[in-house]
Amino acid sequence: MNLALTDEQELIAATAADFMREKSPVSRFRALRDSKDVVGYSKSLWKEMAELGWAGIPFDEKNGGAEMGMAELVTVLEAAGTCLAPEPFLSSVLLCGQILHRAGSEEQKKTWLDPLIDGTHCLALANQEAGSRYDLAKVATKAVRHRDGYQISGEKIQVLDGYAADALIVCARTSGADDDPNGLSLFCLEAGAKGVTRARQERVDHRSTAVIQFDAVAVDASARIGEEGGGLEILGQVVDIATVGLCAEMLGGMSQAFALAIEHLKQREQFGVKIGTFQALKHRAARLFMEIELCRAAVLASARAIDERDDRVAQLVSLAKAQCSDAYVHVANEAVQFFGGVGVTDEYDIGFYLKRARVAELSFGDSAFHRDRWASLRSY
Amino acid sequence: MPDIERFRSETRSWLEANAPKSLVGFGSRDLESYTWGGRNATFATPDHKVWMDVMAEKQWTAPSWPVEYGGGGLDKQEAHVLAQEIARLELPAPVDGFGFTMIGPVLLQYGTEEQKKTHLTRICCGEIRWCQGYSEPGAGSDLASLKTRAVREGDEFVINGQKVWTSYADHSDWIFALVRTDPDVKKQEGITFILIDMESEGVSVSPIPLISGKSPFCETHFKDVRVPVANVIHKIDAGWTVAKALLGHERTMIAKVFGSSRDTTGRGRLVELGARYLGETDNRIADPHFRSEIAQAEMDSAVFGYAVQRMSDQSKAGHQPGAESSMFKILGTENNMRRSELEVRIAGPQSLGWDGPGFEQEELDRTRAWLRTRGNSIEGGTSEVQLNIIAKHVLGLPD
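The listed protein sequences derive, respectively, from chains P and H.
First residue of the first sequence: 121, per this note's numbering; consecutive thereafter.
First residue of the second sequence: 46, per this note's numbering; consecutive thereafter.
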């Protein structure tokens, strides 16, 4: 495992950083928030990103992808994180795209993955339920055999980008009790299918999510992705990949929040001097710098582990997510404190990072969850 | 076969043929078993001396130093392969010490041809052991305020003063020291970096006991010690530049010491301790609080290891390392200290022994080791000084 970026990866990173700086300043995110846009992101900008090939980085060429890896994708996600770009990398590419890429039939890939990669439509993953917390196996939504297919009933919450998605991948129980790791299956269906009702939820980070009701929604057997009962294995792998993607976005976010804070320490004067001269603040800033450097190493190591099919992938994912969760929240909290009073006003962007840090921390497991997962993966 | 793979197979055969069989699997246990070399060298076993001599003969004690100074002349990749092959056989370092980790790299950068020829070759064959004369009673974190005075008389300096925390001074043959040659200029500008033979008349050493009971630390006094001007490294009054370069090497060394303990395979030491002192339920450490702390400590070590590796991979790719050595010094030492405290807390009341019956030797050692770690964040530049370096040189915060 080499933890230096290749020249090609450096180039992708630089292109993405330039693009985000030019096309997606935080003011764009603020305007989206203010407009209460139900989509939550810009469909036209997403199309531009897809045209640059970013929605297809990890996928096969025959589906329109670039057949590159996580090491490339994380550089783009980091750039997106710096400016809080809310485009659907996580929902469409990292979650749904990966499910289709890994477990979809040729027919399913052609129907759902190809247009996802070229940016013409988006998918959302409906797996979380009230009370399921970070346990992927805790699913009450049922898919019962019905004629030649299934009938899906249940309620999913906080479906990221689910309100405006063109299609949904639903995790539903085909057998077993509500927390049985066996008996879960994945289904892909049109978001406008009969019996699907969506209500928009706005989270604290102002990204769009949805509560989605499935009321005896009928799907063909061909809607099932992978084997019946094999859903959790696919979902587990894909959520690990998406977690690394989220970590990269968090790395970008914490780096930018830190940069804003350092800039403030160099500009703001009190007691007749720049507040950055105070050792009490310098030392805290230096500690944040170290935490971010550790996150960068952890994100790269976990991305490389996925690309190299390293057998320590799960451990490294937990390492990265625990590290990034604690660091992003810490950096954001400290940054707001450095800003002082203006840090808690809506006018300043730093608050957006604080809110995004919290949401990212509590997605796919917080540091306590991942410490415990690390321990069980290492048999203690 | 690519050259590097040929080098690997040749190295492997050579090590298997020449390393004493008794040292295969011996590894680098505790500091007591290390080979430090020097005029009064002691060896953990007779084979340790054989091993040092055979490696010195092969010029592999300092694998990447130039051949003409006793080094192996290996490039980074070859040196890495040699280290891997030595690690594969779990052999101890043939000879170690500040000669290799601190003064050697500085001599390579700043020494004259003659200084390099004289001193590097004697380090490589384990003939001379070095110690460091930096801190003074009045110059700790504010190192540049040091007062040990060197007054020039012809071709000699006459040195008077006192150094503290001179690790292993009582076993060392030479000391590299910072001395004040000009008291009338800005404090950083009147310092000279000089090499002193510890056998010179007027040098005296006494140990400093630490809270852990035993100690490698000494105070070293200089009374009218006469040292040739030719022993100055770089220029007179330009010692601060050399001093900072050496501190960089020292921090890198400290970081390496703590960075090498990344155990991501197998059952770690903390887990073994947890299972032993806290018990297990359903094959998990019974106490969930300690389990979480153990996981955190393991993860801290792991992520630190990846950060060190990233710097190393980047430097191979041509990036210049910046103030990272300060960061790794802080992180490495603080991880080590937290880990040591955690070990003591896991063992509970069995960690409270100082001496006598009722405690196993391992428990007594663990407690002493914890006390020793309290110095980690102080020696080699305190964590606070390292944070200042990061704030200034990496973050660019104003003075």
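Just so it is clear, CB atoms sit at the ideal spot from N, CA and C, and this is done for glycine as well.
Owing to the predicted nature of the structure, the values given are computational and were not obtained by experimental measurement.
So, does the CB of P:Asp255 fall closer than 9 Å to a CB anywhere in chain H? Position 135 of the first sequence, counted from the start, is the residue given in the question as residue 255 of chain P. So, not an interface residue.
Jot down the residue ranges of each uninterrupted alpha helix (DSSP H) in the region 103-140 of chain H, minimum 4 residues, whole runs only, in chain order. 121-133
Work out the CA separation of P:Gln399 and P:Arg388 for me, nearest whole Å. Residue numbering aside, residue 388 of chain P sits at position 268 when the first sequence is read from its first letter. Residue numbering aside, residue 399 of chain P sits at position 279 when the first sequence is read from its first letter. Their Cα atoms are separated by approximately 15 Å.
Can you look up P:Tyr270 in the DSSP assignment and give me helix, strand or coil? Start at 1 with the first residue of the first sequence, and residue 270 of chain P comes out as number 150. Residue state, collapsed to three classes: strand.
Hey, is H:Tyr322's beta-carbon within less than 9 Å of any beta-carbon in chain P? Counting from one through the second sequence, the residue named residue 322 of chain H turns up at place 277. No, H:Tyr322 lies away from the interface with chain P (no Cβ there is under 9 Å from its Cβ).
Name, please, each residue of chain H whose Cβ falls closer than 7 Å to the Cβ of P:Glu413. The sequence position of residue 413 of chain P within the first sequence is 293, counting from 1. Neighbours of P:Glu413 on chain H, chain order: Ala352 and Met372.
Counting only runs that start and end within the region 221-272 of chain H, where is the alpha helix (DSSP H) found for 4 or more residues in a row? none
Return the Cβ separation of P:Ala336 and P:Gln435 in integer angstroms, given the expectation that the two are a contact with Cβ distance under 8 Å. Within the first sequence, numbered from 1, the residue matching residue 336 of chain P stands at position 216. Within the first sequence, numbered from 1, the residue matching residue 435 of chain P stands at position 315. That pair is no contact at about 41 Å.
For H:Met452 and H:Trp219, which I take to be in contact (beta-carbon distance under 8 Å), what is that distance rounded to the nearest angstrom? A query on residue 452 of chain H cannot be resolved here, the shown segment of chain H reaching from 46 to 444 and no further.
What is the DSSP secondary structure of P:Ser305, counted as helix, strand or coil? Counting from one through the first sequence, the residue named residue 305 of chain P turns up at place 185. Looking at P:Ser305 - three-state DSSP - the assignment turns out to be strand.
Give me the Cβ distance between P:Val196 and P:Ala136, rounded to the nearest whole Å; I'm assuming they're in contact under 8 Å. The residue you call residue 196 of chain P lines up with position 76 of the first sequence. The residue you call residue 136 of chain P lines up with position 16 of the first sequence. About 4 Å; that satisfies the 8 Å criterion.
CB contact below 9 Å: P:Gln228 versus chain H: Along the first sequence, read from residue 1 onward, the residue named residue 228 of chain P stands at position 108. No, P:Gln228 lies away from the interface with chain H (no Cβ there is under 9 Å from its Cβ).
Measuring only the C-alpha atoms, how far is H:Val277 from H:Val203? Walking along the second sequence from the start, residue 277 of chain H turns up at place 232. Walking along the second sequence from the start, residue 203 of chain H turns up at place 158. Looking at the two C-alpha atoms, the distance is approximately 13 Å.
If you follow the beta strand (DSSP E) that P:Phe334 is in, where does it begin and where does it stop? Translated into positions along the first sequence, residue 334 of chain P becomes position 214. Where P:Phe334 is concerned, the enclosing beta strand (DSSP E) stretches over Ser328 to Asp340.
Since P:Leu220 contacts P:Ile345 with CB under 8 Å, what's their CB separation in whole angstroms? Your numbering for residue 220 of chain P matches position 100 in the first sequence. Your numbering for residue 345 of chain P matches position 225 in the first sequence. Indeed they touch by this definition, with Cβ atoms about 7 Å apart.
Segment contact flag, the region 163-174 of chain P with the region 321-339 of chain P, C-beta cutoff 8 Å, min 3 pairs: no
In angstroms, rounded to a whole number, what distance separates the CA positions of P:Ile104 and P:Leu172? As displayed, chain P neither begins before 121 nor continues past 500, which places residue 104 of chain P out of reach and without an answer.
So the candidates are P:Leu306, P:Gln278 and P:Ala368; which of them puts its Cα closest to the Cα of P:Ser342? Taking the first residue of the first sequence as position 1, residue 342 of chain P is located at position 222. Of P:Leu306, P:Gln278 and P:Ala368, the residue nearest in Cα terms is P:Leu306.
Any beta carbon from chain P within less than 9 Å of H:Gln341's own beta carbon? One-based indexing of the second sequence puts residue 341 of chain H at position 296. Closer than 9 Å: yes.
Collapsed DSSP secondary structure at H:Asn433 in the structure displayed: Here residue 433 of chain H corresponds to residue number 388 of the second sequence, with the count starting at 1. In this structure, H:Asn433 counts as helix in the three-state DSSP scheme.
Measure the CB-CB distance between P:Leu245 and P:Phe472 and report whether it falls below 9 Å. Here residue 245 of chain P is taken as the residue at index 125 of the first sequence, counted from 1. Here residue 472 of chain P is taken as the residue at index 352 of the first sequence, counted from 1. The answer is no: Cβ separation not under 9 Å.
Any beta carbon from chain H within less than 9 Å of P:Arg491's own beta carbon? As a first step, residue 491 of chain P is located in the first sequence; it is residue number 371 there, counting from the start. It does; some Cβ of chain H falls within 9 Å.
Counting only Cβ pairs nearer than 7 Å, list the residues of chain H close to P:Ser68. No answer is possible for residue 68 of chain P: the residues shown for chain P start at 121 and end at 500.
Where do the N-terminal and C-terminal ends of the beta strand (DSSP E) with H:Glu198 fall, by residue? Walking along the second sequence from the start, residue 198 of chain H turns up at place 153. From DSSP, the beta strand (DSSP E) with H:Glu198 extends over Arg194 to Glu198.
Taking the beta carbon of H:Leu291 as the centre, do at least 16 other beta carbons fall within 10 Å, making it buried, or is it exposed? Locating residue 291 of chain H in the second sequence gives position 246, counting from the first residue. Label assigned to H:Leu291: buried.
Could you give the first and the last residue of the continuous beta strand (DSSP E) run that contains P:Glu322? As a first step, residue 322 of chain P is located in the first sequence; it is residue number 202 there, counting from the start. Where P:Glu322 is concerned, the enclosing beta strand (DSSP E) stretches over Val316 to Glu322.
Identify the continuous beta strand (DSSP E) that holds P:Ala292 and give its terminal residues. On the first sequence, position 172 is the one that residue 292 of chain P refers to. Taken as a continuous stretch (DSSP letters only), the beta strand (DSSP E) holding P:Ala292 covers Ala287 to Arg293.
Sequence ranges, alpha helix (DSSP H) only - wholly within the region 199-277 of chain P, length at least 4: 218-223 and 234-237
Check the Cβ-Cβ distances between P:Arg344 and every residue of chain H, and say whether any is below 9 Å. Start at 1 with the first residue of the first sequence, and residue 344 of chain P comes out as number 224. For P:Arg344, the answer is no, since every Cβ of chain H falls outside 9 Å of its Cβ.
Whose Cβ in chain H lies nearer than 9 Å to the Cβ of P:Lys402? Here residue 402 of chain P is taken as the residue at index 282 of the first sequence, counted from 1. Chain H residues near P:Lys402: Leu432, Asn433, Ile435, Ala436, Lys437, Leu440 and Leu442.
Could you give the first and the last residue of the continuous alpha helix (DSSP H) run that contains H:Gly350? Taking the first residue of the second sequence as 1, we reach residue 350 of chain H at position 305. Where H:Gly350 is concerned, the enclosing alpha helix (DSSP H) stretches over Pro333 to Lys361.
Which term fits H:Lys231, buried or exposed, when burial requires 16 or more other beta carbons within 10 angstroms of its beta carbon? The count along the second sequence starts at 1 and reaches residue 231 of chain H at position 186. Answer is exposed; the Cβ neighbour count stays below 16.
For the region 436-465 of chain P, list every residue whose C-beta sits within 9 Å of some C-beta in chain H, in sequence order. Leu436, Ser438, Leu439, Ala440, Ala442 and Gln443
Reduced DSSP category for H:Trp175 - H, G, I as helix; E, B as strand; rest coil: Mapped onto the second sequence, residue 175 of chain H falls at position 130. H:Trp175: strand per DSSP, three-state reduction.
Cβ shell of P:Gly303 (< 7 Å), same chain only, five flanking positions each side left out: For the purposes of this step, residue 303 of chain P is taken as the residue at position 183 of the first sequence. Around P:Gly303: Arg293, Thr294, Ser295, Gly296 and Gly349.
Can you list the residues of chain H that P:Phe409 reaches, using a CB-CB cut of under 8 Å? Position 289 of the first sequence holds residue 409 of chain P. Within 8 Å Cβ-Cβ: Met372, Ile435, Val439 and Leu440.
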